[in-house]
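Structure record follows, encoded as structure tokens.
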Amino acid sequence: MNPYLKLIRPLTSFLGTLGVIVGALLAGITSLEIIILGAVVAFFAAAGGNAINDYFDIETDKVSKKHRPIVSGKVSKNNALIFTSLLFIIAAILATQIHYYAMILAFFNIAVAIVYSWKLKARPLIGNLFDSWLAASTFVFGGFLIGYFDMVIFSIFLMAFSANTAR
């Protein structure tokens, strides 16, 4: 597999799009264009999050995950940072084309992903809560594509947040 593709963990990045699609469908969005755009924003944001995680986890990965692209030398640390930045920039630019609630959440989650990987991941409870937020907020993001939020989406968010936190 291409090392840059490996860096974004495509399956994990794709899983985030499923939450967006579910949230969008629960919000009653019928525009395939809006749903796809939201899913693409989520994919690029998650891909950037996965890449920045590897960037900051080099020392840990040297011990336990030597196959990762940066540690194995297939992607330089500098190129990984440039690639990560491009992924986040693409997500942010695309996010300007959706409802401003979703745009703000996308910008916020990009910032959270960076801070999580940089400082919070190693902190047992705090890191887990932030990771859970990033996973669960995809459902909210789906509804926010048209500025919609209700108790059903909130309930799914809470279930996803709780399940992710418990793992």
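All the letters of the sequence shown, read from the start, carry residue numbers 1227 to 1393 under my numbering.
Every residue gets a Cβ at the ideal spot worked out from N, C-alpha and C, and that includes glycine.
These figures come from a predicted structure and were not determined experimentally.
Boundaries of the alpha helix (DSSP H) around Y1326: Y1326 to V1341. Relative to the Cα of F1309, the nearest Cα in the group A1272, T1243, A1277 and T1256 belongs to A1277. Scanning P1350, N1390 and T1243 for the CA closest to the CA of A1272 turns up T1243. Each residue's CA atom was taken as its position, placing K1291 and L1360 some 23 Å apart. Annotation for A1306: L1233, A1277, D1280, Y1281, P1295 and I1296 place their beta carbon closer than 8 Å to its own, counting only its chain and skipping 5 residues before and after.
Residue nearest to A1339 within the set F1383, S1239, Y1326 and S1298 is S1239 (criterion: CA-CA distance). Along the stretch 1258-1334, the alpha helix (DSSP H) occurs as fully enclosed runs of 4 or more residues at 1258-1282, 1284-1290 and 1303-1321, listed in sequence order. Judged by pairs of C-beta atoms under 8 Å, the stretch 1308-1323 does not touch the stretch 1363-1372, as fewer than three such pairs exist.
Note that the stretch 1377-1392 touches the stretch 1244-1257; at least 3 beta-carbon pairs, one per stretch, sit closer than 8 Å. The three-state secondary structure of M1377, taken from DSSP, is helix.
A Cβ-Cβ distance of about 5 Å is found for the pair I1336 and F1314, placing them in contact under the 8 Å criterion.
In the DSSP assignment, L1231 falls within the alpha helix (DSSP H) that extends over P1229 to I1234. The beta carbons of N1390 and S1363 sit about 11 Å from each other, so the pair does not count as a contact at 8 Å.
Taken through DSSP and simplified to helix, strand or coil, I1372 comes out as coil. Note that the C-beta distance between A1332 and A1348 is not below 8 Å. Judged by beta-carbon spacing, G1249 lies beyond the 8 Å limit of F1356, meaning their Cβ atoms are not closer than that value.
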